[in-house]
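The following block contains the structure:
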């Protein structure tokens, strides 16, 4: 009875956005992580005799097959690796670069602040697609290039956020007290300032992972993302666009994978924003 009561209390007091965020995002992450165990090399196995098999008519191909007879569900699981790798690594890189730049600009001010923020202003004035087309045309497509492009394009968001937060903290009493007793600048930044601004950074990271999954899918869809030979959600959408009327499942199911993953991450981001809000009622 106690266990049942605890479970009902958990679901009653847990926000819906957290529950659905964990359900959507966690389910997709588990599918991707264990894709090799579940599907093996099924994502690349072609069976022309079973090409464009409709969904839910065969236990071997629950979501049907694509024009080359490859299992759609297995390819969704394999393609999710690329999307999650791009989303997580690009956000991690942009966070690291932007946070360091924002800490320097906000705490030290002066010339460093002026130079970094003018660079940020110039970059914000550049349309992302124009920058992507130029960057990829010069360097060439590929997964490392795509991740680097997103880092270059998005570090500014973190730099401006962190700078604003640091400016609001650098003259607070506890920072002045630390300076008065001789605490070094680096220790003030890393021990006294950074832990107090980590909440908004985490929220922005969560939302940007979802945004970067969409960006990767969009760029791959138009041929500017990962190589066509590598399974990816954007590539599956591109492959299925000519079969929308005759074999809708080839593009619809990868689209659902993108939608539910991004929706789950956005719900988690909304919950984190509310949870980390210092003005919320406890």
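In our numbering, the protein residues as written are -16 to 265.
Cβ atoms here follow ideal geometry from the backbone N, Cα and C, with glycine treated the same way.
It should be emphasised that the depicted structure is a prediction, and the values quoted were computed from it without experimental measurement.
Candidates the options: closest to residue i by CA position
i: residue 90; options: 61, 15 and 148; result: 148
i: residue 145; options: 77, 228 and 192; result: 77
i: residue 143; options: 80, 232 and 192; result: 80
i: residue 194; options: 26, 2, 45 and 140; result: 140
i: residue 155; options: 135, 170 and 176; result: 176
i: residue 284; options: 119, 58, 213 and 48; result: Residue 284 lies beyond the residue range present for the chain, which begins at -16 and ends at 265; the question has no answer from this structure.
i: residue 35; options: 46, 42 and 25; result: 46
i: residue 137; options: 198, 95 and 26; result: 198
i: residue 11; options: 258, 259 and 240; result: 240
i: residue 153; options: 92, 70, 2 and 234; result: 92
i: residue 5; options: 42, 254 and 259; result: 254
i: residue 30; options: 64, 95 and 44; result: 44
i: residue 21; options: 72, 37 and 61; result: 61
i: residue 86; options: 123, 232, 230 and 170; result: 170
i: residue 256; options: 233, 224, 182 and 105; result: 182
i: residue 26; options: 224, 97, 7 and 48; result: 48
i: residue 88; options: 150, 9, 225 and 122; result: 150
i: residue 232; options: 56, 33, 42 and 16; result: 56
i: residue 75; options: 100, 131 and 120; result: 131
i: residue 178; options: 33, 259 and 41; result: 259
Minimum Cβ-Cβ distance from residue i to chain B less than 9 Å
i: residue 129; result: Considering every chain present, this structure includes no chain B. It has just one protein chain.
Whole-angstrom C-beta distance between residue j and residue i, which should lie under 8 Å
i: residue 236; j: residue 217; result: About 14 Å; that fails the 8 Å criterion.
Within 9 Å, strictly: CB atoms of residue i and residue j
i: residue 84; j: residue 103; result: yes
i: residue 68; j: residue 14; result: no
i: residue 208; j: residue 116; result: no
i: residue 82; j: residue 196; result: no
i: residue 186; j: residue 248; result: no
i: residue 66; j: residue 215; result: yes
i: residue 0; j: residue 190; result: no
i: residue 133; j: residue 73; result: yes
i: residue 23; j: residue 244; result: no
i: residue -2; j: residue 230; result: no
i: residue 246; j: residue 7; result: yes
i: residue 135; j: residue 118; result: yes
i: residue 124; j: residue 70; result: no
Any non-hydrogen atom of the ligand GDP within 8 Å of residue i CB
i: residue 89; result: Judged by which ligands are present, the structure shown has none, so any question about the ligand GDP falls away.
Original post:
Hey, is the segment 111 to 121 in contact with the segment 52 to 59, meaning 3+ C-beta pairs nearer than 8 Å?
Top reply: no
Subject >> Continuous alpha helix (DSSP H) assignments of at least 4 residues falling wholly in the segment 64 to 138 >> reply: 93 to 107 and 111 to 122
Original post:
Enumerated in chain order, which unbroken segments of the alpha helix (DSSP H) with a length of 4 residues or greater are wholly contained in the segment 10 to 61?
Top reply: 18 to 22
Original post:
Can at least three beta-carbon pairs, one atom from the segment 220 to 230 and one from the segment 158 to 165, be found at a separation below 8 Å?
Top reply: no
**OP:** Give, in chain order, every unbroken run of the alpha helix (DSSP H) that is at least 4 residues long and sits entirely within the segment 177 to 257.
**Re:** 177 to 204 and 216 to 223
**OP:** Note down, one range per segment and in chain order, each alpha helix (DSSP H) of at least 4 residues found wholly within the segment 137 to 180.
**Re:** 156 to 163
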